[in-house]
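First up is the structure itself, then whatever we jot down about it.
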Amino acid sequence: MTRPRLNLATAGRGGDRPGIGIVHLGLGAFHRAHQAVLTMRAMAAEPGDWAICAVGQRNPAVADALTAQDGLFTVAERSAAGERIEVVDSVREALLAPAQPERLTTLLSEVDVVTITVTESGYRHDPATGRLRADDPEVAADLAGRPPRTVVGQLVGGLRRRRGESGPTVLSCDNLPFNGRLVAGLVREFCLLREEFDLADRIAANVTFPSTVVDQIVPATTAADLAHVAGELGFDDRAAVVGEPYRQWVIEDDFAGARPAWERAGAELVGDIAPRQAAKLRLLNGTHSALAYLGMLAGCDSTAAAVARDEFAGYVCRLVGEETGPSLARFGIDVGEREIDTLLDRLGNPRITHRLAQIGTDGARKLPQRLLEPAAELLTAGREPRLICLALAGFLRHERLSALDFVPAELAANPVFGELLADAATRLDRDGVATTLRKVLDERS
1 MTRPRLNLAT AGRGGDRPGI GIVHLGLGAF HRAHQAVLTM RAMAAEPGDW AICAVGQRNP
61 AVADALTAQD GLFTVAERSA AGERIEVVDS VREALLAPAQ PERLTTLLSE VDVVTITVTE
121 SGYRHDPATG RLRADDPEVA ADLAGRPPRT VVGQLVGGLR RRRGESGPTV LSCDNLPFNG
181 RLVAGLVREF CLLREEFDLA DRIAANVTFP STVVDQIVPA TTAADLAHVA GELGFDDRAA
241 VVGEPYRQWV IEDDFAGARP AWERAGAELV GDIAPRQAAK LRLLNGTHSA LAYLGMLAGC
301 DSTAAAVARD EFAGYVCRLV GEETGPSLAR FGIDVGEREI DTLLDRLGNP RITHRLAQIG
361 TDGARKLPQR LLEPAAELLT AGREPRLICL ALAGFLRHER LSALDFVPAE LAANPVFGEL
421 LADAATRLDR DGVATTLRKV LDERS
């Protein structure tokens with residue numbers, strides 16, 4: 001069946017549109033389901049020229065789809081109670097960075113806010129040191145002055161051309177600890193490597209890089225999702241996304257200049273990002289990782305499929321209630337039954353297929369903040385991270401690694417940790433995941 005394409009005319013949305021005030025680098029599903037929605041709601045609450053120019057980095061498909069649709073796309077919010085479909089109109093322009101470098105540089109030199117979602121690998125840095133990979137071919141090309149292909153090179157290109165002393169504010173919305181500090185450091189290092197010392201100092205004096213915490217489950221959009229949305233909407237939308245209704249956006253209140261009224265759309269502005277960052281990494285992300293590795297070993301393919309099983313639901317309750325939750329006490333965060341129930345509801349959402357294989361990618365990079373750090377803190381406090389060690393053993397078995405390949409030497413040398421990890425690995429090998437979880441839960445009840 002052929003349907004008309006979603007655009008301003010077919011959606012009946014005429015009249016003036018807000019001007020562009022935000023450049024977003026990284027045109028993925030998460031941005032469209034999260035920041036684009038909250039920016040639209042912020043402009044509805046407090047009008048202003050805060051429309052988004054959304055920039056793809058590699059694949060032209062989404063940028064082309066949005067261009068054909070005048071920037072419009074739909075978000076299907078799915079919960080156990082049902083589905084809500086909404087047309088989002090906060091994107092004014094979409095472009096592909098390699099194809100339109102001059103337009104991108106101009107916009108970056110003019111806007112007050114730049115946001116980023118390119119995943120950890122998009123920053124082309126060494127996670128262990130926080131330094132640029134200067135030997136990366138595209139980083140090297142950017143440093144040589146060619147049209148920038150990396151996010152850091154694009155940022156510096158726009159900031160170099162900027163006139164005046166104020167701004168912009170650069171907000172990384174990727175799931176990285178203290179992401180603002182990371183981006184600030186990479187931008188400064190880029191300038192110093194090019195011996196642009198005055199530019200580095202000008203950026204340090206006038207540009208701010210607040211850290212953020214973002215949270216929403218947004219699985220990859222499937223062809224079936226696109227067909228379903230088209231049937232419900234009556235229009236063909238090739239940029240539609242699917243996500244849960246829950247959204248969290250916590251931002252350090254350190255803006256260089258004007259900004260949208262995001263707090264009126266549900267965002268939180270805080271002075272210290274550390275507590276919220278630790279809570280998100282350890283509760284949601286840590287539980288995600290634990291379910292991914294143990295669940296895949298047990299034959300599950302999604303979080304919903306895993307927590308539908310009693311042994312996994314019980315494991316999540318105990319993991320959060322007795323280990324990752326209490327590890328947050330030093331941040332003044334108390335995790336109770338309500339928070340655990342909310343987490344289980346999100347993980348078990350039957351209308352969201354969050355695949356364990358997707359969650360389980362890059363575990364060696366993700367698990368230190370999600371599970372190793374809370375394990376170390378529990379040991380220091382005299383508590384046993386037995387359930388965390390089960391998840392770590394699942395990861396090592398799934399990846400066919402030994403603890404020596406992954407666990408920091410100081411933690412590996414802790415005899416209690418070593419015994420717990422060895423015991424977990426033995427149980428998984430002997431009894432399998434499901435039986436191991438049931439036995440461990442019975443032992444701790």
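Taking full-length UniProt numbering, the leading residue of the sequence shown gets 1, the next gets one more, and so forth. Heads up, the beta-carbon is just placed ideally off N, CA and C, and yes, glycines get one too.
Short Cβ contact (8 Å threshold) for residue i with residue j
i           : j           : result
residue 237 : residue 73  : yes
residue 156 : residue 124 : no
residue 103 : residue 95  : yes
residue 346 : residue 78  : no
residue 36  : residue 91  : yes
residue 453 : residue 424 : No answer is possible for residue 453: the residues shown for the chain start at 1 and end at 445.
residue 105 : residue 161 : yes
residue 396 : residue 402 : yes
residue 344 : residue 389 : no
residue 138 : residue 174 : no
residue 289 : residue 391 : yes
residue 322 : residue 387 : yes
residue 368 : residue 324 : no
residue 302 : residue 356 : yes
Which listed residue (the options) has its alpha carbon closest to that of residue i
i           : options            : result
residue 453 : 222, 247, 200      : Absent from the structure is residue 453, since the part of the chain shown begins at 1 and ends at 445.
residue 19  : 39, 28, 33         : 39
residue 71  : 164, 217, 240, 328 : 240
residue 284 : 311, 271, 341      : 341
residue 209 : 374, 127, 253      : 253
residue 129 : 80, 183, 88        : 183
residue 112 : 386, 170, 187      : 170
residue 266 : 278, 250, 280, 432 : 250
residue 331 : 377, 428, 308, 366 : 377
residue 154 : 3, 204, 118        : 118
residue 143 : 287, 193, 164      : 193
residue 62  : 93, 441, 440, 320  : 93
residue 76  : 429, 224, 335, 312 : 224
residue 80  : 197, 304, 338, 333 : 304
residue 442 : 380, 318, 57, 164  : 318
residue 398 : 379, 382, 428, 370 : 428
residue 307 : 287, 321, 195      : 287
residue 165 : 186, 185, 204, 195 : 204
residue 10  : 87, 64, 17, 28     : 87
residue 68  : 52, 4, 17          : 4
residue 17  : 52, 28, 2          : 52
residue 447 : 335, 89, 299       : The chain is shown only over 1 to 445; residue 447 falls outside these bounds and no answer can be derived.
residue 366 : 2, 127, 13         : 127
Where residue i falls, given that 16 or more other Cβ within 10 Å makes a residue buried
i           : result
residue 59  : exposed
residue 417 : buried
residue 145 : exposed
residue 222 : exposed
residue 32  : buried
residue 235 : buried
residue 44  : exposed
residue 404 : exposed
residue 15  : exposed
residue 26  : buried
residue 432 : exposed
residue 439 : exposed
residue 197 : exposed
residue 311 : buried
residue 56  : buried
residue 122 : buried
Nearest-angstrom Cβ-Cβ length linking residue i and residue j, presumed shorter than 8 Å
i           : j           : result
residue 189 : residue 108 : Actually they do not touch by this definition, with Cβ atoms about 18 Å apart.
residue 168 : residue 354 : No, residue 168 and residue 354 are not in contact; Cβ-Cβ is about 33 Å, not under 8 Å.
residue 408 : residue 372 : 7 Å
residue 34  : residue 216 : 5 Å
residue 282 : residue 328 : 6 Å
residue 414 : residue 244 : Not quite, the Cβ-Cβ distance comes to about 37 Å (not below 8 Å), so this is no contact.
CB contact check: residue i to chain D, cutoff 8 Å
i           : result
residue 301 : Included in the structure is just one protein chain, with no chain D present.
Pairing CB atoms from the segment 177 to 188 with CB atoms from the segment 271 to 286, are three or more of them under 8 Å? Counting Cβ pairs under 8 Å, three or more are found: they touch.
For the structure I just gave you, are there three or more beta carbon pairs, one from the segment 278 to 294 and one from the segment 350 to 361, closer than 8 Å? These segments touch.
With a threshold of 8 Å, are at least 3 pairs of Cβ atoms found where one atom belongs to the segment 10 to 29 and the other to the segment 47 to 56? yes
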